[in-house]
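Peer 1: Okay, so the sequence shown: first residue is 463 according to this note's numbering, each after it adds one.
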Amino acid sequence: MGNLTVLGLGAGDLEQLPMGVYKQIMNSEHLFLRTKEHPVIQDLEKEGLTYQSFDAMYEQTNSFEDVYEKITAQLLVESQEKNVVYAVPGHPLVAERTVQLLLEKSKNNEINLKILGGQSFLDPMFTALGLDPIDGFQFHDATSLVKESIEPTQHMIFCQVYDAFIASEVKLTLMEILPDEYPVTIVTAAGSKQEKIIKVPLYELDHVTEINNLTSVYVPAVKEEQLLYRQFSSFRQTISILRGPNGCPWDQKQTHESLKKYLIEEAYELIDAIDDNDIDGIIEELGDVFLQVMLHAQIGEDEGFFNIDDVIEGINEKMIRRHPHVFGDASVHDAEDVVKRWDEIKKMEKGERAEQSILDAVAKGLPNLTKAFQFQKKAAKVGFDWENVEPMWEKVSEEMKELQEEIAQGGSQEDIATEFGDVLFALVNVARYYKLDPEEAVAYTNRKFYRRFTFIEKKVKELELEIETLSLEQLDEFWNEAKHKGL
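1) How big is the Cα-Cα spacing for A792 and M810?
2) Who are Y680's beta bridge partners in DSSP?
3) Got a sec? Which residues, its chain only, sit under 7 Å from K839 by beta carbon, not counting five neighbours each side?
4) Hey, how far is the Cα of P595 from the Cα of R803?
5) Apart from the five residues on each side of it in sequence, which residues of its chain come closer than 7 Å, Cβ to Cβ, to F940?
6) Quick one: Cα of A879 to Cα of A759, how far?
7) Exposed or buried, V890, counting other C-beta atoms within 10 Å across all chains shown (16 or more means buried)?
8) Tell me the rounded alpha-carbon separation between I623 and S630.
9) Considering only residues of the same chain and omitting the five flanking positions on each side of D603, which have a CB-CB separation below 7 Å?
10) Return the chain-ordered list of same chain residues with a C-beta closer than 6 Å to the C-beta of L476, the five sequence neighbours on each side being excluded.
11) Could you check if P551 is buried or exposed, using at least 16 other CB atoms within 10 Å of its CB as the buried criterion?
12) Could you check if G948 is buried or exposed, using at least 16 other CB atoms within 10 Å of its CB as the buried criterion?
13) Rank I612, N545, Q600, F835 by C-alpha distance to the C-alpha of F887 and give the top, closest one.
14) Under 8 Å: do the region 611-621 and the region 668-688 share three or more Cβ pairs, one atom per stretch?
15) Could you work out which residue in S678, E719, E928 is closest to I628 when comparing CA atoms only?
16) For my contact list, V438 and V670 are in at a C-beta cut-off of 8 Å; report their separation, rounded to the angstrom.
17) So, is the C-beta of S582 closer than 8 Å to a C-beta in chain D?
18) Taking 7 Å as the limit between beta carbons, can you name the residues of its chain near I869, skipping five residues before and five after?
19) Could you tell me whether the region 536-553 touches the region 579-596, using the rule of 3 or more Cβ pairs below 8 Å?
20) Let's test the definition: count the other Cβ atoms within 10 Å of the Cβ of R913 and tell me whether it reaches 16, buried, or not, exposed.
21) In terms of alpha-carbon separation, which member of I701, D805, E731 lies closest to E455?
22) Just mark D528 as buried or exposed, buried being the case when its beta carbon has 16 or more other beta carbons within 10 Å.
23) Pick out the complete beta strand (DSSP E) segments inside the region 777-862, 3 residues or longer, and give them in chain order.
24) Give me the Cα-Cα distance between E902 and D738, rounded to the nearest whole angstrom.
25) Between which two residues does the alpha helix (DSSP H) containing P900 stretch?
26) Report the option in D740, L865, L471, F915 whose CA atom is closest to the CA atom of L493.
27) How far does the beta strand (DSSP E) with Q536 in it reach, from first residue to last?
28) Using the C-alpha atoms, what's the distance from V546 back to L511?
29) From I577 to G482, what does the alpha carbon distance come to, in whole angstroms?
30) Can you look up P551 in the DSSP assignment and give me helix, strand or coil?
31) Taking E973 as the reference, give the member of E719, Q522, I487, I703 with the closest Cα.
32) Looking at the structure shown, is N674 part of a helix, part of a strand, or coil, going by DSSP?
33) Would the beta-carbon of N830 be found less than 7 Å away from any heavy atom of the ligand SAH?
34) Taking the alpha-carbon of E779 as reference, which of K808, V794, V801, D799 has the nearest alpha-carbon?
35) With three or more C-beta pairs closer than 8 Å as the rule, is the region 747-755 touching the region 714-728?
36) Around the C-beta of M781, are 16 or more other C-beta atoms found within 10 angstroms, so that it is buried, or is it exposed?
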């Protein structure tokens with residue numbers, strides 16, 4: 463088993479290096495450096511320091527993670543026959559991925575590992591910035607940045623901003639959250655004689671030429687409320703305030719029941735925006751639908767039953783559970799196979815009882831054309847369906863005849879409505895056979911009617927006439943004109 467000692471070179475100059483670490487470095491027969499680009503190494507080279515560095519690996523490998531894996535692997539090999547010292551910038555346990563990988567190897571008894579201290583660059587960073595960390599700060603590795611982990615209400619320090627490319631990645635990530643002009647501070651070689659501090663607007667972050675392997679970027683905490691509007695936490699707080707003691711009287715009195723109609727209304731407005739391919743409208747209407755979700759969740763939190771975290775956790779778990787072909791070991795062949803597996807998992811989750819109708823799984827609040835469509839789909843899954851479309855068309859003709867007979871016999875309004883409903887139900891079955899959504903089909907026709915009728919209104923207005931004074935034949939001519947125009 464190998465023997466490996468890890469040392470920290472500190473954050474600054476040789477004068478700041480502890481004497482014990484200095485002696486270990488100078489007395490080491492087999493010294494390896496993650497990088498030789500450090501002020502301490504430059505000074506020790508004048509004292510005859512000999513070493514091997516891994517700098518070349520950065521040029522030979524596509525990703526930082528691969529570099530760190532290769533460094534770890536080589537250190538394991540080198541330490542099998544000799545006592546090896548491995549020196550890294552700063553403190554070994556601060557932003558040093560290779561040390562974390564070595565610790566994993568040590569836990570698996572693959573190596574005898576000893577870690578000695580070294581000054582972290584964080585202390586001189588706090589000093590350079592005049593920042594008290596008690597106020598709260600986030601520490602990010604710029605080489606593996608995840609936007610979702612950024613919390614702009616806290617001070618942020620991005621370490622390992624090695625070059626302009628990484629600086630650009632940090633800039634582009636932050637520009638999705640903050641304004642282009644937001645002030646950031648670039649600190650290079652904090653605590654050393656070569657320390658440089660440059661303040662620039664965010665959009666210029668990758669234009670600074672002094673960036674190197676000792677560079678970090680500081681982003682001050684966001685204080686302006688309007689800059690946080692993109693954050694989920696800000697929206698959640700807004701809804702909480704609206705429902706709170708000093709909030710809006712209308713929002714305060716809402717219940718799950720009173721909000722039902724608004725949820726349906728906003729959903730249909732979203733559908734209209736989608737049908738119109740109105741991107742701005744889709745954004746706005748999605749927000750309105752999201753508002754309804756947040757209001758219901760806030761009501762649940764106010765009443766002590768659930769909150770938005772429960773909602774998110776529930777749907778997240780369900781999506782992972784119902785996609786074992788993505789998050790597990792299951793396999794599927796096509797989209798139909800996915801739907802089949804989804805239904806099977808859903809049935810197991812619901813624990814459907816033998817006496818429960820399969821039709822009960824269809825939401826009661828659906829528009830009735832859609833509900834008819836879903837009823838037929840459920841029934842078809844257990845074999846209650848025709849194999850081809852001919853008998854479906856015969857059923858449409860049969861129901862049309864019954865409707866006409868009911869009208870001819872002077873049937874009641876209710877009986878006529880029932881027969882008319884049968885015609886629609888039969889037509890929905892035909893639509894299902896041809897994989898048409900009847901609700902979407904009617905929506906398409908409604909939009910077409912709207913375009914053609916507004917064309918008629920426009921033509922009448924151009925003639926300076928009143929639409930009520932024109933005959934149906936005249937209006938029909940305009941209709942046909944609109945039709946020929948492709949409206």
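Even glycine gets a Cβ: it sits at the ideal position worked out from N, Cα and C.
Peer 2: In this structure, then:
1) 16 Å
2) I619, T647
3) R894
4) 51 Å
5) F917, I918, K921
6) 40 Å
7) buried
8) Note on identity: in this sequence residue 623 is Val, with Ile being the wrong assignment. When rounded, the distance between both Cα atoms is 9 Å.
9) A557, C621, Q622
10) V502, D505
11) buried
12) exposed
13) F835
14) yes
15) S678
16) Since the first residue shown for the chain is 463 and the last is 949, residue 438 is missing from the structure and cannot be characterised.
17) Absent from the structure is chain D; it holds one protein chain and no more.
18) I878
19) yes
20) exposed
21) Nothing about residue 455 can be read from this structure; the chain reaches only from 463 to 949.
22) exposed
23) none
24) 13 Å
25) 900-924
26) L471
27) Unbroken run through Q536 is the alpha helix (DSSP H), 526-540; no beta strand (DSSP E).
28) 15 Å
29) 13 Å
30) coil
31) The question about residue 973 has no answer, for the chain in this structure spans 463 to 949.
32) coil
33) Although the ligand SAH was asked about, the structure shown includes no ligands whatsoever.
34) K808
35) yes
36) exposed
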